[in-house]
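Colleague: Please see the structure below; I have some questions.
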Amino acid sequence: MAASVQAALRKLLPSQLPPSLSPLPGNLYEVLSRFPQDGVGQRVYQTRWGAKGIEGSYWEVTRTRLKCEGKHGKAWGVLVWKGKRTSERDTQIPGGLKYRWVVGESRLKPGLKLLPNTSSPP
Numbered sequence: 211m212a213a214s215v216q217a218a219l220r221k222l223l224p225s226q227l228p229p230s231l232s233p234l235p236g237n238l239y240e241v242l243s244r245f246p247q248d249g250v251g252q253r254v255y256q257t258r259w260g261a262k263g264i265e266g267s268y269w270e271v272t273r274t275r276l277k278c279e280g281k282h283g284k285a286w287g288v289l290v291w292k293g294k295r296t297s298e299r300d301t302q303i304p305g306g307l308k309y310r311w312v313v314g315e316s317r318l319k320p321g322l323k324l325l326p327n328t329s330s331p332p
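Take a look at the structure:
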């Protein structure tokens, strides 16, 4: 029965899913538009943070104003950088259209080897 329901849904949906239904990373507003209340309360991070070796960092979204069916807008939140909250006040989240975003906390990209710190302490 479940297989027939899945097949029926596939026939009804377009071959190219709209950004609001796609599970893949997208711009900040596309990712937030997939959730109730336009993503307020979600934790989001830029995919490039993992490639740079930045772990435990994310924006906690406090409010949003989305436009154009969730493709553009503004979002505000509190930044948690490497496990420490940077401020108590919410600020506008930069780079919403410029970078790819995912829900969750940043983590190291699999197979990434960080170079040891070569600078010696003074």
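Start counting at 1 in the sequence shown, then tack on 210, and there's your number in the working numbering. In this text, a Cβ means the ideal position worked out from N, Cα and C, and glycines have one as well.
1) Whose C-beta lies closer than 6 angstroms to the C-beta of Leu307 among residues of the same chain, with five residues either side of it excluded?
2) Roughly how many whole angstroms lie between the Cα atoms of Pro224 and Arg253?
3) Whole-angstrom Cβ separation of Gly251 and Ser316, contact assumed at under 8 angstroms?
4) What residue from Trp311, Tyr309 and Val271 has the CA that sits closest to Pro246's CA?
5) Residues in its own chain within less than 6 angstroms of Leu276 by CB, not counting five upstream and five downstream?
6) Count the other CB atoms within 10 Å of the CB of Ala285; is the residue buried (16 or more) or exposed (fewer)?
7) Beta-carbon within less than 8 angstroms of Thr301's beta-carbon, same chain only, minus the 5 sequence neighbours each way: which residues are those?
8) How would you call Gly314, buried or exposed, if buried means at least 16 neighbouring beta carbons within 10 angstroms?
9) Mind checking which residues open and close the alpha helix (DSSP H) that includes Leu242?
Modeller: According to the data block:
1) One-based indexing of the sequence shown puts residue 307 at position 97. If we look at Leu307 and ignore the five residues flanking it on each side, its Cβ neighbours are Asn237.
2) Position 14 of the sequence shown holds residue 224. Position 43 of the sequence shown holds residue 253. One alpha carbon belongs to Pro224, the other to Arg253, and they sit about 29 angstroms apart.
3) Translated into the one-based positions of the sequence shown, residue 251 becomes position 41. Translated into the one-based positions of the sequence shown, residue 316 becomes position 106. That belief does not hold up - the Cβ atoms of Gly251 and Ser316 are roughly 18 angstroms apart, past 8 angstroms.
4) Along the sequence shown, one-based indexing puts residue 246 at 36. Taking Pro246 as reference, the option from Trp311, Tyr309 and Val271 with the minimal CA-CA separation is Val271.
5) Numbered from its first residue, the sequence shown carries residue 276 at position 66. Within the same chain, and ignoring the five residues on either side of Leu276 in sequence, the residues whose Cβ sits closer than 6 angstroms to its Cβ are Tyr239, Ser243, Asp248 and Gly283.
6) Locating residue 285 in the sequence shown gives position 75, counting from the first residue. That one is buried.
7) Looking up residue 301 in the sequence shown gives position 91. Counting only residues of its own chain and dropping the five nearest sequence neighbours on each side, Thr301 has a CB closer than 8 angstroms to the CB of Trp286, Gly287, Val288 and Leu289.
8) Residue numbering aside, residue 314 sits at position 104 when the sequence shown is read from its first letter. Only exposed fits Gly314, as fewer than 16 other CB atoms lie within 10 angstroms of its CB.
9) What you label residue 242 is simply residue 32 of the sequence shown in a count that begins at 1. Counting along the chain, the unbroken alpha helix (DSSP H) around Leu242 starts and ends at Leu238 to Leu242.
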